[in-house]
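If you read the sequences in order, they're chains A and B.
Just add 162 to the spot in the first sequence (first one is 1) and you have my numbering.
Just add 98 to the spot in the second sequence (first one is 1) and you have my numbering.
Where a beta carbon is used, it is the ideal one built from N, C-alpha and C, also for glycine.
These numbers were taken from a predicted model, which means no experiment stands behind them.
To start, the structure under review is shown below, and the notes come after it.
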Amino acid sequence: MNVPAQEAPFETVRDVVVENPVISAQKLDFWYGQSQALFANDLDIAPRKVTAIIGPSGCGKSTHLRVYNRIFEQYRGQRAGGRVLLDGQDLLAPGTDSIALRRRIGMIFQKPTPFPMSIFENVAYGVRLHFSFSRKELERKVEESLRAAALWDEVKDLLHKPGTALSGGQQQRLCIARALAMSPDVLLMDEPTSAIDPVATARIEELVLQLKERLTVVIVTHNMQQAARISDHTAFFHLGRIIEFGATAKMFTNPSHPKTEEYITGRFG
Amino acid sequence: MTELRLSHRPATGRKVADVLVRVFSVLSAALGIFFLFWILWVVLKKGHTVLSWSFFTSAPPSPGEGVGGIKYALVGTLKMTGLACLMGVPVGLLTGVYLAEFGRHGAFASGVRFCVNLLMGIPSILVGLFAYTVIVLAAPRHYSGNAGAFALAIIMLPTVARTSEDMLLLVPDALRESALALGIPRWRMITGILFRAARKGLLTGVLLSVSRVSGETAPLLFTALNNNFYPKNLSQPTANLTVTIYNYAMSPYDNWQRVAWGASLVIMAFLLGVTLLLRFILKERHRS
Ligand SMILES: Nc1ncnc2c1ncn2[C@@H]1O[C@H](COP(=O)(O)OP(=O)(O)OP(=O)(O)O)[C@@H](O)[C@H]1O
Ligand SMILES: [Mg+2]
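Here's what the structure looks like:
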């Protein structure tokens with residue numbers, strides 16, 4: 163008798179078509195135990211572009227991102243449904259090698275997390291596990307990664323100082339260097355600048371723009387200006403659904419969905 | 099200011115209670131310190147007379163003749179504690195790793211945690227009796243330092259396990275995630291990164307457990323017993339400090355009693371050293 167009110171079928175508003183996506187989430191659902199956090203997310207990540215994920219707190223941005231490298235799987239009760247294709251292969255399929263996956267898809271977190279070891283070791287630690295480099299090659303790789311993270315000039319004389327001795331912004335760039343050292347194809351960034359000061363933030367934004375020449379970046383941010391400055395595509399999330407996906411320039415000047423407009427003009431969230 | 103009064107109880111009653119609680123808690127604290135210093139003073143007064151370099155390097159005295167030294171007991175205690183560490187620390191550490199990293203909130207982990215807590219509360223004399231039953235009474239049917247080390251290891255185990263778990267849990271999940279996100283396998287993340295991040299806390303657990311067993315007598319009475327000879331290996335009854343103190347202090351010989359006080363002083367100095375070391379380690383950690 164009590165038939166639940168039928169929801170109108172939900173459609174993401176989309177005004178770009180992504181050719182040859184690196185990552186393609188298809189009907190991605192996510193559950194924390196019994197509670198569903200993502201609902202049928204469809205999202206294509208364009209190669210060598212920056213895709214921004216925006217939306218109010220708790221809308222599922224981090225949850226969505228954390229599916230891409232399967233980092234969620236170490237927690238009991240967290241589970242994903244649907245498919246996420248990486249080069250056409252479903253990375254949620256049971257046989258996927260998470261370790262190899264995470265080598266290809268790096269992740270940067272909100273708070274910088276240097277390992278309790280020297281700056282050099284922070285970068286070298288993962289490299290050693292995945293590549294069999296000679297000492298010389300390893301040193302070259304560390305330097306190259308620190309340069310790519312725009313940190314080399316600041317730390318080249320303190321490579322043997324602990325990573326925790328750096329400033330917050332430097333620590334975050336160290337984490338980026340650490341991730342770049344694995345030569346990833348994709349870099350996931352979950353609010354990478356929300357814990358650091360504006361000057362350091364500007365450096366990281368600049369860095370992201372450089373990085374997109376060689377890899378794909380997906381960045382979650384609460385900062386609308388940041389999304390507008392650095393991203394090519396933007397996905398707007400709300401209550402676990404992707405409301406709108408499109409070219410950043412278009413979305414910030416002329417959003418198609420009223421909810422998107424409300425959010426980017428700061429009326430909620 | 100009267101409008102700010104929140105309670106209708108007369109203010110004087112509250113003030114009296116306040117003063118009473120404060121006076122009694124200060125008195126209790128002072129009483130605790132008083133007994134501590136009294137013990138320290140007695141041990142120091144009675145023990146310092148025998149202390150000299152030769153006290154650490156000489157064989158035990160014969161009844162009534164000179165003070166000799168505690169070399170055999172000291173070496174026996176060190177060897178047994180070392181062997182106990184070799185057994186108790188890895189098992190305790192891995193138990194802590196299981197609880198913090200793998201089991202966490204699972205039913206089996208809760209069971210393990212419950213058992214570890216229970217083990218922590220078991221009187222050491224029962225542990226001694228247990229080691230006596232399963233090792234000493236088994237072939238070749240004699241007391242041995244190995245049995246003593248086994249009993250001490252069982253006493254160390256829960257302390258190491260609990261502190262390891264607690265210290266690993268203090269490491270933020272963000273560090274675990276960022277290691278895993280680099281494609282570092284879980285076991286490498288634990289041994290290479292978490293252990294390093296928690297190293298001071300883990301060391302604290304080991305030191306706490308060593309200081310806990312350094313004064314244990316009851317479990318050794320049933321296992322290592324004592325010996326008048328140098329403890330070459332631990333397959334024989336083994337001289338040790340606490341049982342030496344126990345035997346000598348109860349003896350009618352004045353020189354033995356003095357040696358017992360001297361050995362007590364050595365144990366106390368050791369404990370003081372460990373406590374200071376712990377304070378130092380923990381201070382360092384707060385700074386970084
Ligand atoms: N570990 C968890 N267990 C249960 N529910 C969770 C967990 N983490 C997140 N959630 C829930 O899932 C939903 C999405 O959370 P998520 O962290 O993805 O949001 P977010 O968009 O990243 O928010 P923020 O901007 O605050 O970081 C929220 O309702 C949140 O309460
Ligand atoms: Mg988030």
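At a CB distance below 9 Å, what residues from the segment 279-292 of chain A approach chain B? Give them in sequence order. M279, Y287, G288, L291 and H292
Just checking: is the beta-carbon of I233/A within a distance shorter than 8 Å of some beta-carbon in chain B? yes
Extent of the continuous beta strand (DSSP E) run through L190/A: I185 to Y194
Using 8 Å as the threshold, is the segment 310-323 of chain B in touch with the segment 173-187 of chain B, meaning 3 or more CB pairs across them? yes
Mapping the DSSP letters down to three states, classify S150/B as helix, strand or coil. coil
From what residue to what residue does the alpha helix (DSSP H) around D177/A run? Where D177/A is concerned, there is no enclosing alpha helix (DSSP H), given that its DSSP letter is neither H nor E.
Going along the chain, which residues of its own chain have a beta-carbon closer than 7 Å to the beta-carbon of A347/B, five neighbours each way excluded? Q355 and A358
Tell me whether G244/A sits in a helix, a strand or coil according to DSSP, three-state version. strand
Can you pull the chain B residues whose beta carbon is under 7 Å from the beta carbon of I261/A, in chain order? G281 and P283
Go ahead and label F407/A buried or exposed: buried means 16 or more other beta carbons lie within 10 angstroms of its beta carbon, across all protein chains shown. buried
In terms of residue numbering, what span does the alpha helix (DSSP H) encompassing Q372/A cover? P360 to L373
State buried or exposed for F132/B, treating a residue as buried only when at least 16 other CB atoms are found within 10 Å of its CB. exposed
Assigned secondary structure, M287/B (DSSP; H/G/I helix, E/B strand, else coil): helix
Whole-angstrom Cβ separation of A245/B and V234/B, contact assumed at under 8 Å? 5 Å
In terms of residues, what are the limits of the alpha helix (DSSP H) holding R335/A? G330 to L342
Should E382/A be listed as close to ligand 2, given that the test is whether its C-beta is under 7 Å from any heavy atom? Contrary to the premise, residue 382/A reads as Val rather than Glu in this sequence. Checking the Cβ of V382/A against ligand 2 gives yes.
In whole angstroms, give me the CA-to-CA distance for E263/B and F277/A. 20 Å
Euclidean distance between Cα positions of M99/B and A109/B: Bear in mind that the predicted position of M99/B carries a pLDDT of just 46, short of 50, making it unreliable; the figure below should be weighed with that in mind. Approximately 13 Å, taken between the alpha carbons.
Step through the CB atoms of chain A and report whether any lies within less than 8 Å of the CB of L273/B. yes
Name, please, each residue of chain A whose Cβ falls closer than 7 Å to the Cβ of R286/B. L291
Listed by chain order, which residues have C-beta atoms less than 5 Å from any heavy atom of ligand 1? Y194/A, A199/A, S219/A, G220/A, C221/A, G222/A, K223/A, S224/A and T225/A
Taking the CB atoms as reference points, tell me whether G288/A and R340/A lie closer together than 8 Å. yes
So for M99/B, helix, strand or coil by DSSP? A caution first: M99/B carries a pLDDT of 46, below 50, which makes its placement in the model too unreliable to give a value.
Find out if the Cβ-Cβ distance for the pair L248/A, I281/A is shorter than 8 Å. no
Output needed in chain order: residues of the segment 194-211 of chain B with a Cβ under 7 Å from some Cβ in chain A. none
Buried versus exposed call for F192/A [16 or more other C-beta atoms within 10 Å across all chains shown]: buried
Tell me whether S260/A sits in a helix, a strand or coil according to DSSP, three-state version. helix
Cβ-Cβ distance between V342/A and S307/A below 8 Å: Rather than Val, the amino acid found at residue 342/A in this sequence is Leu. Going by C-beta atoms, L342/A is nearer than 8 Å to S307/A.
Nonlocal neighbours in the same chain, by C-beta distance under 6 Å from M269/A, ignoring five residues either side: N231 and L350
Taking 8 Å as the CB-CB cut-off, is I291/B touching chain A? yes
Excluding five sequence neighbours on each side, which residues of the same chain lie with their C-beta closer than 6 Å to the C-beta of A279/B? none
To the nearest angstrom, how far is it from the Cα of G190/B to the Cα of A259/B? 4 Å
Would you say G268/A lies against chain B (beta-carbon separation less than 8 Å)? yes
Report the option in F200/B, S123/B and A272/B whose CA atom is closest to the CA atom of I233/A. A272/B
Who does S160/B pair with in a DSSP beta bridge? E163/B
On a Cα-Cα basis, can you pick out the residue from T378/A, T326/A and L313/A that is closest to S345/A? T378/A
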